[in-house]
DNA sequence: TATGAATGAGGATTCATTCAT
DNA sequence: GATGAATGAATCCTCATTCAT
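Protein chains in written order, with the numbering used here: chain A, 1 to 221; chain B, 1 to 221; chain C, 1 to 221; chain D, 1 to 221.
Here it is, written out as structure tokens:
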């Protein structure tokens with residue numbers, strides 16, 4: 001009964017030594033942990049539940065992660081990378097900033113990885129004060145670079161006339177605020193009243209970015 | 001952390017005739033509990049710490065609240081009321097909606113009760129999935145009424161020409177998004193980079209509310 | 001089923017507030033712990049076994065002692081005191097030192113508290129290297145004072161002619177060695193070959209203390 | 001610490017034909033195990049630490065020894081043999097018993113193997129009650145033969161006039177007591193107060209062996 | 001009513017032992 | 001044979017809850 005759940009996996013690539021099986025094991029632990037932490041929060045999550053969900057024994061987790069906290073941090077780190085990369089994605093040549101924003105933000109709030117994204121955000125909001133490291137990590141690796149990226153975009157938009165003022169340069173958070181609120185809404189209140197996040201964001205940008213049809217952009221100096 | 005995850009069904013003990021002393025005791029328990037729950041979250045908060053902070057014995061808490069969950073629910077209920085009332089405050093006759101919004105939202109994000117407000121919001125974000133009743137309660141008593149109030153305001157603003165489109169009627173969340181993001185920012189990242197929330201909200205409204213006639217907004221520079 | 005085993009005790013002296021019951025509880029915990037530690041050593045002793053033997057719940061032990069180590073140290077401290085006092089007991093006026101030695105050492109190796117005494121000695125021998133504090137404590141509170149006491153006795157015996165040389169002043173350990181070896185023997189090998197410790201000590205002292213009947217004690221200067 | 005307390009019944013695996021490499025591997029495992037058991041005692045010693053110290057994998061130990069207990073027993077057996085042999089060394093023709101005693105006991109308490117010797121003694125004292133077989137083994141293979149050897153010596157000494165009484169015949173333990181106490185002292189208290197064991201033993205024998213005739217002990221100064 | 005000592009179920013972590021490679 | 005990743009029973013310690021005083 002020992003190897004039962006593992007046997008499907010442990011043969012996968014004998015060529016790559018342990019690494020293939022080990023990586024897959026790591027991944028399933030991290031995935032299971034994310035789910036459990038998301039459902040129950042850090043303190044109320046039981047290592048045993050993570051292990052069961054990952055299909056490994058309790059002790060196995062401790063082979064990879066020093067303790068519950070290290071596992072928690074590893075999850076956040078892992079989920080963070082894609083965000084950072086998304087934020088730094090390059091503007092297509094000739095593409096309006098607004099188009100780029102909608103194009104790159106929409107996937108963040110759409111189905112596929114949305115739940116996972118909200119999960120991380122909720123975890124950070126919930127646990128950051130208890131784990132200062134976590135807040136620091138998230139700020140340094142996600143928030144700060146993201147903010148800079150959006151500020152850069154705002155500056156471009158201002159320079160090419162898409163934006164009429166410097167608000168988004170001073171407060172890049174404004175560009176994202178509806179997306180964030182939308183994500184949180186979806187996690188908390190969708191069952192009571194669903195929200196069309198992309199549509200809301202679109203409306204938001206309508207206020208931000210004055211209509212292009214006007215030939216004259218009069219008062220810029 | 002201990003007792004399995006259970007749904008938020010328990011109620012505060014029915015109050016009969018409480019002396020003033022008893023009421024004050026209740027208040028200090030609730031205050032202490034709010035602080036502890038805020039710092040540590042539901043699961044990681046210890047009843048003993050609440051008791052010590054409230055200056056009562058552990059057993060005393062159980063005279064008033066059936067268990068930890070009942071206490072948690074009582075706190076949320078108590079903190080929710082002021083929010084509801086704020087959201088429903090009346091528009092001064094002749095006052096522009098934008099002015100009203102800034103006048104009524106600014107205090108929410110300013111020092112005095114800000115920390116407490118964020119605390120509750122963070123608690124809801126963190127614990128709602130574990131306590132479905134909590135999410136429901138918060139939606140029914142805070143979010144839904146608040147949303148309706150803002151939608152009403154948006155309609156008035158649209159009717160009287162302050163707003164050029166119906167975005168805020170369809171998505172009243174847009175009016176609040178910067179305030180919410182600002183509050184969360186202040187709790188998580190102020191130590192790394194402070195944020196002037198009222199100024200950000202002001203900039204946000206600048207996009208929402210097109211300047212009507214120049215003459216009618218005399219003093220903006 | 002809760003209070004069952006306790007009820008016999010918890011009424012004892014309502015006059016003395018908690019102290020009587022609490023002291024008795026402390027005592028039974030310490031007694032149980034000594035027995036368990038003695039049988040199994042520090043590492044192999046289970047807190048649950050101590051609790052069961054003491055007739056209390058696991059958690060109760062932690063109300064009095066920070067952790068297993070603190071409990072262990074408390075035991076040693078408690079058992080140490082009588083030894084120290086015994087070592088410092090006064091010489092009766094006119095009593096020969098040898099008589100005093102046999103009179104005061106014999107009870108240490110005789111039935112009543114012998115097992116307990118060996119238990120402590122064995123624990124110290126076994127665990128001291130792992131708990132430097134323990135060795136220090138035992139040396140400072142038991143060994144060093146005891147050594148001084150025996151050295152003082154040896155000096156008296158030398159001064160009044162009972163001892164012919166200064167060996168016991170330089171090495172007071174010699175006076176005790178047979179008692180210690182006897183105690184250890186009794187714990188380890190009595191079941192194979194019993195040993196009459198007092199008789200052995202008597203023989204030992206016969207070599208130490210030259211017969212008194214000789215009128216001349218020739219060569220002392 | 002893990003597996004319940006069990007009696008010391010398991011045997012070392014029957015050796016068939018072992019290569020030199022295998023024998024050396026065995027030796028390094030036993031050596032490493034002795035060190036670890038000595039430092040931490042049986043229960044607190046980790047198989048992994050033994051393996052690391054021996055430079056083999058955890059699983060390798062189990063190829064040679066059924067389990068932790070078998071390994072423990074093998075160590076004791078291995079360390080016991082030299083002691084037995086030492087005890088049985090022959091008296092030089094014409095050599096006084098006292099001379100022989102000091103000559104053969106001194107190396108036991110002197111530097112080279114002292115630490116290892118004390119280690120074994122401490123282990124026996126600490127673990128014998130938990131491993132009755134260990135006590136039996138040690139008594140049968142070390143204590144009992146040693147005792148007989150010393151008794152034989154004592155009888156010789158009595159017969160040839162070196163000893164004036166039969167105490168050492170009845171209690172051969174007396175001959176060894178200072179050596180044993182000295183060894184234990186060195187392990188526990190040397191850091192507080194060093195002890196010259198050979199000198200102490202010498203003083204001890206001075207009481208045991210009355211100077212016969214001055215002329216017959218020419219060379220003592 | 002208030003207290004806080006006592007309870008004991010619960011959960012994090014360790015480590016002897018196994019077994020697929 | 002040798003390895004070391006995986007297992008899961010065992011054990012320390014915590015803390016929500018109870019109840020005698």
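Virtual Cβ for every residue (Gly too), placed ideally from N, Cα, C.
Values in this document were obtained by computation on a predicted structure and should not be read as measured data.
Check your understanding: Unbroken alpha helix (DSSP H) runs of length 4 or more, entirely within the stretch 92-156 of chain D: which are they?
Key -> 97-109, 111-127 and 132-138
Check your understanding: To the nearest whole angstrom, what separates the beta carbons of residue 125 of chain B and residue 184 of chain A, a pair I think is in contact under 8 Å?
Key -> Counting from one through the second chain, the residue named residue 125 of chain B turns up at place 125. Counting from one through the first chain, the residue named residue 184 of chain A turns up at place 184. With 8 Å as the limit, residue 125 of chain B and residue 184 of chain A qualify as a contact, their Cβ atoms being about 6 Å apart.
Point to revise | residue 211 of chain B, DSSP secondary structure in three states | key: For this step, residue 211 of chain B is matched to residue 211 along the second chain. If DSSP states are grouped into helix, strand and coil, residue 211 of chain B belongs with coil.
Check your understanding: Cβ of residue 198 of chain C less than 8 Å from any chain D Cβ?
Key -> Start at 1 with the first residue of the third chain, and residue 198 of chain C comes out as number 198. No, residue 198 of chain C does not count as interfacial toward chain D.
Point to revise | Residue nearest to residue 139 of chain A in terms of C-alpha spacing, selected from B:20, B:189 and B:23 | key: For the purposes of this step, residue 139 of chain A is identified with residue 139 of the first chain, where counting begins at 1. Considering only alpha carbons, the answer is B:189.
Review point. With a cut-off of 8 Å, does the C-beta of residue 30 of chain A fall near any C-beta of chain B?
Key: Sequence index remark: in the first chain, residue 30 of chain A carries index 30 (1-based). Not one chain B Cβ lies under 8 Å of residue 30 of chain A.
Review point. Roughly how many angstroms separate the alpha carbons of residue 26 of chain C and residue 73 of chain C, rounded to a whole number?
Key: Working through the third chain from its first residue, we reach residue 26 of chain C at position 26. Working through the third chain from its first residue, we reach residue 73 of chain C at position 73. Looking at the two C-alpha atoms, the distance is approximately 14 Å.
Review point. How about residue 157 of chain B and residue 206 of chain A: do their beta carbons lie closer than 8 Å?
Key: Here residue 157 of chain B refers to the residue found at position 157 when the second chain is read from its first residue. Here residue 206 of chain A refers to the residue found at position 206 when the first chain is read from its first residue. Contact: no.
Check your understanding: Can you find a C-beta in chain B that's less than 8 Å from the C-beta of residue 178 of chain A?
Key -> Position 178 of the first chain, counted from the start, is the residue given in the question as residue 178 of chain A. With 8 Å as the cut-off, residue 178 of chain A counts as an interface residue toward chain B.
Check your understanding: Relative to the alpha-carbon of residue 196 of chain C, which residue among C:163, C:179 and C:171 has its alpha-carbon at the smallest distance?
Key -> In the third chain, residue 196 of chain C corresponds to position 196, counting from 1. Measuring from the Cα of residue 196 of chain C, the nearest candidate turns out to be C:179.
Review point. Is it true that the stretch 143-159 of chain B meets the stretch 97-110 of chain A, where meeting means three or more beta-carbon pairs spaced less than 8 Å apart?
Key: no
Check your understanding: Between the C-alpha atoms of residue 36 of chain D and residue 44 of chain C, what's the straight-line distance to the nearest angstrom?
Key -> Looking up residue 36 of chain D in the fourth chain gives position 36. Looking up residue 44 of chain C in the third chain gives position 44. Taking the straight line from one Cα to the other gives about 16 Å.
**Study point:** Opening and closing residue of the alpha helix (DSSP H) in which residue 44 of chain D lies
**Key:** Residue numbering aside, residue 44 of chain D sits at position 44 when the fourth chain is read from its first letter. From DSSP, the alpha helix (DSSP H) with residue 44 of chain D extends over 20-44.
Check your understanding: How should residue 90 of chain C be labelled, buried or exposed, when 16 other C-beta atoms within 10 angstroms of its C-beta is the threshold for buried?
Key -> Residue 90 of chain C sits at position 90 when you count from the first residue of the third chain. By the 10 Å Cβ count, residue 90 of chain C comes out exposed.
Review point. With DSSP run on the structure shown, which of helix, strand or coil describes residue 65 of chain B?
Key: Residue mapping note: residue 65 of chain B aligns to position 65 of the second chain, counting from 1. Reduced to three states, the DSSP call for residue 65 of chain B is strand.
Check your understanding: Terminal residues of the continuous alpha helix (DSSP H) containing residue 181 of chain B?
Key -> Taking the first residue of the second chain as 1, we reach residue 181 of chain B at position 181. Segment 173-188, the alpha helix (DSSP H) holding residue 181 of chain B.
Check your understanding: Are residue 50 of chain A and residue 23 of chain A closer than 8 Å when you measure CB to CB?
Key -> The residue given as residue 50 of chain A occupies position 50 in the first chain. The residue given as residue 23 of chain A occupies position 23 in the first chain. Result no, Cβ atoms of residue 50 of chain A and residue 23 of chain A do not sit closer than 8 Å.
Review point. Do residue 177 of chain C and residue 122 of chain C have their C-beta atoms within less than 8 Å of each other?
Key: Within the third chain, the letter at position 177 stands for residue 177 of chain C. Within the third chain, the letter at position 122 stands for residue 122 of chain C. No, these two residues do not count as a Cβ contact at 8 Å.
Check your understanding: By a C-beta neighbour count over all protein chains shown, 10 Å radius and 16 as the cutoff for buried, is residue 41 of chain C buried or exposed?
Key -> Position 41 of the third chain, counted from the start, is the residue given in the question as residue 41 of chain C. So residue 41 of chain C ends up on the buried side.
Review point. Hey, quick one: how far does the alpha helix (DSSP H) through residue 165 of chain B stretch, first residue to last?
Key: As a working note, residue 165 of chain B is residue 165 in the second chain. Note, residue 165 of chain B: premise wrong, no alpha helix (DSSP H); not H, not E.
Point to revise | Extent of the continuous alpha helix (DSSP H) to which residue 191 of chain B belongs | key: The residue labelled residue 191 of chain B in the question sits at position 191 within the second chain. Taken as a continuous stretch (DSSP letters only), residue 191 of chain B belongs to no alpha helix (DSSP H), as it is neither H nor E.
Point to revise | Straight-line Cα distance separating residue 134 of chain C from residue 143 of chain A | key: Here residue 143 of chain A refers to the residue found at position 143 when the first chain is read from its first residue. Here residue 134 of chain C refers to the residue found at position 134 when the third chain is read from its first residue. Roughly 52 Å between the two C-alpha positions.
Review point. Under a three-way DSSP split, which group does residue 199 of chain A fall into?
Key: Position 199 of the first chain, counted from the first residue, corresponds to residue 199 of chain A. Looking at residue 199 of chain A - three-state DSSP - the assignment turns out to be helix.
Check your understanding: Cβ atoms of residue 47 of chain D and residue 68 of chain D: under 8 Å apart, would you say?
Key -> Taking the fourth chain and counting its residues from 1, one reaches residue 68 of chain D at position 68. Taking the fourth chain and counting its residues from 1, one reaches residue 47 of chain D at position 47. Contact flag set, yes.
Point to revise | Closest residue to residue 19 of chain A among A:64, A:54 and A:127 (Cα-Cα distance) | key: Taking the first residue of the first chain as position 1, residue 19 of chain A is located at position 19. Selected option, being the one with the closest Cα: A:64.
Review point. If we cut at 8 Å on Cβ distances, does residue 62 of chain B have a partner in chain A?
Key: Translated into positions along the second chain, residue 62 of chain B becomes position 62. No - not a single Cβ of chain A is within 8 Å of the one on residue 62 of chain B.
Exercise for review: Using a Cβ-Cβ cut-off of less than 8 Å, give me the residues of the stretch 163-177 of chain D that come near chain C, in sequence order.
Suggested key: 165, 167, 170, 171, 173, 174, 176 and 177
Exercise for review: Measure from the C-beta of residue 41 of chain D to each C-beta in chain C and report whether the shortest distance is under 8 Å.
Suggested key: Along the fourth chain, one-based indexing puts residue 41 of chain D at 41. At least one chain C Cβ lies under 8 Å of residue 41 of chain D.
Check your understanding: Since residue 125 of chain B meets chain A, which of its residues come closer than 9 Å, beta carbon to beta carbon?
Key -> The residue labelled residue 125 of chain B in the question sits at position 125 within the second chain. Going along chain A in sequence order, the residues near residue 125 of chain B (Cβ under 9 Å) are 121, 122, 125, 126, 184, 187 and 188.
**Study point:** Segment limits, alpha helix (DSSP H) that includes residue 51 of chain C
**Key:** On the third chain, position 51 is the one that residue 51 of chain C refers to. Residues 47-54.
Review point. By a C-beta neighbour count over all protein chains shown, 10 Å radius and 16 as the cutoff for buried, is residue 39 of chain B buried or exposed?
Key: Start at 1 with the first residue of the second chain, and residue 39 of chain B comes out as number 39. Exposed, because fewer than 16 other Cβ atoms sit within 10 Å of the Cβ of residue 39 of chain B.
**Study point:** Through-space distance from residue 75 of chain B to residue 200 of chain A, alpha-carbon basis
**Key:** Position 200 of the first chain holds residue 200 of chain A. Position 75 of the second chain holds residue 75 of chain B. Rounded to the nearest angstrom, the two C-alpha atoms are 32 Å apart.
Review point. Quick one: Cα of residue 29 of chain B to Cα of residue 169 of chain A, how far?
Key: Start at 1 with the first residue of the second chain, and residue 29 of chain B comes out as number 29. Start at 1 with the first residue of the first chain, and residue 169 of chain A comes out as number 169. Near 45 Å, if we compare the C-alpha coordinates of residue 169 of chain A and residue 29 of chain B.
**Study point:** Chain-ordered chain D contacts of residue 135 of chain C [CB-CB under 9 Å]
**Key:** The residue you call residue 135 of chain C lines up with position 135 of the third chain. Chain D residues near residue 135 of chain C: 188, 189, 191 and 192.
Check your understanding: Near residue 58 of chain D, which residues of its chain fall below 7 Å by C-beta distance, leaving aside the five closest residues on each side in sequence?
Key -> Here residue 58 of chain D refers to the residue found at position 58 when the fourth chain is read from its first residue. Cβ neighbours of residue 58 of chain D beyond the five flanking positions: 47, 48 and 51.
Check your understanding: Are the beta-carbon atoms belonging to residue 173 of chain B and residue 181 of chain A less than 8 Å from one another?
Key -> Mapped onto the second chain, residue 173 of chain B falls at position 173. Mapped onto the first chain, residue 181 of chain A falls at position 181. It is a contact, given that the beta carbons lie within the stated cut-off.
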